[in-house]
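Asker: Sending over a structure as structure tokens; questions will come in a sec.
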Amino acid sequence: GKVRAPTHIISTISDDRGEEPCYAGVPMSSIVEQGYGVGDVISLLWFKRSLPRYCTHFIEICIMLCADHGPCVSGAHNSIVTARAGKDLVSSLVSGLLTIGPRFGGAIDDAARYFKDAYDRGLTPYEFVEDMKKKGIRVPGIGHRIKRGDNRDKRVELLQRFARTHFPSVKYMEYAVQVETYTLSKANNLVLNVDGAIGSLFLDLLAGSGMFTKPEIDEIVGIGYLNGLFVLARSIGLIGHTFDQKRLKQPLYRHPWEDVLYTK
Ligand code: ACO
Ligand code: LMR
345 GKVRAPTHII
355 STISDDRGEE
365 PCYAGVPMSS
375 IVEQGYGVGD
385 VISLLWFKRS
395 LPRYCTHFIE
405 ICIMLCADHG
415 PCVSGAHNSI
425 VTARAGKDLV
435 SSLVSGLLTI
445 GPRFGGAIDD
455 AARYFKDAYD
465 RGLTPYEFVE
475 DMKKKGIRVP
485 GIGHRIKRGD
495 NRDKRVELLQ
505 RFARTHFPSV
515 KYMEYAVQVE
525 TYTLSKANNL
535 VLNVDGAIGS
545 LFLDLLAGSG
555 MFTKPEIDEI
565 VGIGYLNGLF
575 VLARSIGLIG
585 HTFDQKRLKQ
595 PLYRHPWEDV
605 LYTK
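Residue numbers for the sequence shown follow full-length UniProt numbering, so the first one is 345 and each next one is one higher.
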């Protein structure tokens, strides 16, 4: 038989050796000629399959909705300060990206993990939230610095409306909404945030589309693919903020003394 030299790398998502690059076996000419969008490309390169249009449209909506949230949030602030320190585009971008984590934008995977576990185990929202409280863990996907029960996040509403119209089932999202109803009864800032909305709805996408087996869903949730949506989306805004500062020729940023409490 064939003797094969062992390779140092295994790769399964793309191939550039032929006449044209292929994403998960789909040649670039098909991607362009058949009018694929960025949601289709994400489906091919992340999930290694073509997904139905409503799924790729949902992915694109997540990207558009999370692209930016103004200059005051952690990521944009870091990118702005870095750009004003005279650093290049990549440095300014990664400086902003590095703030994405459990408090800011990077709670999507944990929201999916905790909501899935609680729903699949049949916990009531009360049991789930109180159990998290006992463990001293904040519920990922719940809470926001400026959004409130009487000033909800429009992005969450838009995602929910799209899913209620197009998804075959929104059971995880409805569970997240019940969790929110309970957390809002405790404090007005404990709304379902955009990370929680995407986390729960992506569970519905994975489970309801018929495109993923149960072990595949567990693997996706286990590895943690979903924060990638926020990282990818917010890169658009962080790059925008970097260009904005450079266009405006903004000087080195220095935080005002008056805004620091100097204390022993
Ligand atoms: N679960 C349980 N309790 C919470 C949660 C939560 N997710 N969030 C806040 N609280 C409680 C806090 O314990 C605190 O109560 P305490 O003072 O008795 O301890 C009270 O609500 C107020 O908390 P703050 O720290 O003032 O809230 P803050 O506005 O700073 O926090 C944050 C906002 C960081 C988003 C917080 O709600 C949180 O950690 N949420 C979970 C992580 C998450 O989903 N992050 C993504 C946000 S959306 C985005 O970034 C795109
Ligand atoms: C965001 O999308 O950056 C936010 O939800 C965080 C914020 O504080 O507005």
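Glycine residues also receive a C-beta, built at the ideal position from the N, C-alpha and C atoms.
In the DSSP output, which residue or residues are listed as bridge partners for V370?
Answerer: Here residue 370 is taken as the residue at index 26 of the sequence shown, counted from 1. Beta-bridge pairing links V370 to Y367.
Asker: Alpha helix (DSSP H) containing M555: first to last residue?
Answerer: Mapped onto the sequence shown, residue 555 falls at position 211. First-last for M555: undefined, no H or E at that position.
Asker: Alpha carbon to alpha carbon, how far is residue 318 from N537?
Answerer: It is not possible to answer for residue 318, since the shown part of the chain is limited to 345 through 608.
Asker: Excluding the five sequence neighbours on either side, which residues of its own chain have a C-beta within less than 7 Å of the C-beta of Q594, listed in chain order?
Answerer: What you label residue 594 is simply residue 250 of the sequence shown in a count that begins at 1. Same-chain partners within the cutoff: R428.
Asker: Nearest-angstrom Cα distance between Q589 and S436?
Answerer: Looking up residue 589 in the sequence shown gives position 245. Looking up residue 436 in the sequence shown gives position 92. If I take the Cα positions, the gap works out to 10 Å.
Asker: Quick one: Cα of K558 to Cα of K515, how far?
Answerer: Along the sequence shown, one-based indexing puts residue 558 at 214. Along the sequence shown, one-based indexing puts residue 515 at 171. For K558 and K515, the distance between alpha carbons rounds to 16 Å.
Asker: By Cβ distance, which residues of its chain are closer than 7 Å to I386, with the 5 residues on each side in sequence left out?
Answerer: Start at 1 with the first residue of the sequence shown, and residue 386 comes out as number 42. Taken in chain order, the residues that qualify are I403.
Asker: Under 6 Å: does the beta carbon of A411 sit that close to some heavy atom of ligand 1?
Answerer: The residue given as residue 411 occupies position 67 in the sequence shown. No - ligand 1 has no heavy atom lying nearer than 6 Å to the Cβ of A411.
Asker: Should the region 361-378 be regarded as contacting the region 543-556, the criterion being three or more beta carbon pairs within less than 8 Å?
Answerer: Counting Cβ pairs under 8 Å, fewer than three are found: no touch.
Asker: Would you mind reading off the limits of the alpha helix (DSSP H) that contains L477?
Answerer: Translated into the one-based positions of the sequence shown, residue 477 becomes position 133. Reading off the sequence, residue 477 comes out as Lys, not Leu. P469 to K479 is the span of the alpha helix (DSSP H), which, as asked, contains K477.
Asker: For ligand 2, is there any heavy atom lying closer than 6 Å to the beta carbon of R447?
Answerer: Along the sequence shown, one-based indexing puts residue 447 at 103. Incorrect: R447 has no Cβ contact closer than 6 Å to ligand 2.
Asker: Nearest-angstrom Cα distance between T356 and G493?
Answerer: For this step, residue 356 is matched to residue 12 along the sequence shown. For this step, residue 493 is matched to residue 149 along the sequence shown. Going from the Cα of T356 to the Cα of G493 covers about 45 Å.
Asker: Which value, in whole angstroms, describes the spacing of the CA atoms of T586 and G572?
Answerer: Working through the sequence shown from its first residue, we reach residue 586 at position 242. Working through the sequence shown from its first residue, we reach residue 572 at position 228. Approximately 21 Å between the Cα atoms of the pair.
Asker: Throw me the rounded Cβ distance for the V425 and F448 pair, which I believe falls under 8 Å.
Answerer: The sequence position of residue 425 within the sequence shown is 81, counting from 1. The sequence position of residue 448 within the sequence shown is 104, counting from 1. Going by Cβ atoms, the distance from V425 to F448 rounds to 15 Å, so no, they are not a contact pair.
Asker: With 16 other CB atoms within 10 Å as the buried threshold, where does S423 fall?
Answerer: Counting from 1 along the sequence shown, the entry for residue 423 is found at position 79. S423 comes out buried.
Asker: Look at A462 and G543 and say whether their C-beta atoms are less than 7 Å apart.
Answerer: Position 118 of the sequence shown, counting from 1, holds the residue named residue 462. Position 199 of the sequence shown, counting from 1, holds the residue named residue 543. Contact flag unset, no.
Asker: For my contact list, F459 and A520 are in at a C-beta cut-off of 8 Å; report their separation, rounded to the angstrom.
Answerer: Your numbering for residue 459 matches position 115 in the sequence shown. Your numbering for residue 520 matches position 176 in the sequence shown. Indeed they touch by this definition, with Cβ atoms about 6 Å apart.
Asker: May I ask which residues mark the beginning and end of the alpha helix (DSSP H) holding I424?
Answerer: For this step, residue 424 is matched to residue 80 along the sequence shown. I424 -> alpha helix (DSSP H) spans S418 to R428.
Asker: Within its chain, find whatever has a CB closer than 7 Å to the CB of V473; leave out the 5 residues flanking it on each side and keep chain order.
Answerer: The residue you call residue 473 lines up with position 129 of the sequence shown. Taken in chain order, the residues that qualify are V483, V523, Y526 and T527.
Asker: Measuring alpha carbon to alpha carbon, tell me which of M372, R348, H352 and C399 ends up nearest M555.
Answerer: Taking the sequence shown and counting its residues from 1, the one referred to as residue 555 is at position 211. Nearest C-alpha to M555: C399.
Asker: Could you have a look at L389 and say whether DSSP puts it in helix, strand or coil?
Answerer: Start at 1 with the first residue of the sequence shown, and residue 389 comes out as number 45. Helix.
Asker: State buried or exposed for P469, treating a residue as buried only when at least 16 other CB atoms are found within 10 Å of its CB.
Answerer: The count along the sequence shown starts at 1 and reaches residue 469 at position 125. With 16 or more Cβ atoms within 10 Å of its Cβ, P469 is classed as buried.
Asker: How is L536 classed by DSSP in three states: helix, strand or coil?
Answerer: Translated into positions along the sequence shown, residue 536 becomes position 192. Strand.
Asker: Does DSSP put S358 in a helix, in a strand, or in coil?
Answerer: For the purposes of this step, residue 358 is taken as residue 14 along the sequence shown, with counting starting at 1. Strand, per DSSP.
Asker: So what does N495 bridge to, in DSSP terms?
Answerer: Your numbering for residue 495 matches position 151 in the sequence shown. R492, per the DSSP bridge assignment.
Asker: Where does the unbroken alpha helix (DSSP H) through Y597 begin, and where does it stop?
Answerer: In the sequence shown, the residue the question calls residue 597 occupies position 253. Element bounds for Y597: n/a, residue is neither H nor E.
Asker: Do you know offhand how far S513's Cα is from I561's?
Answerer: Taking the sequence shown and counting its residues from 1, one reaches residue 513 at position 169. Taking the sequence shown and counting its residues from 1, one reaches residue 561 at position 217. Their backbone Cα atoms lie some 16 Å apart in a straight line.
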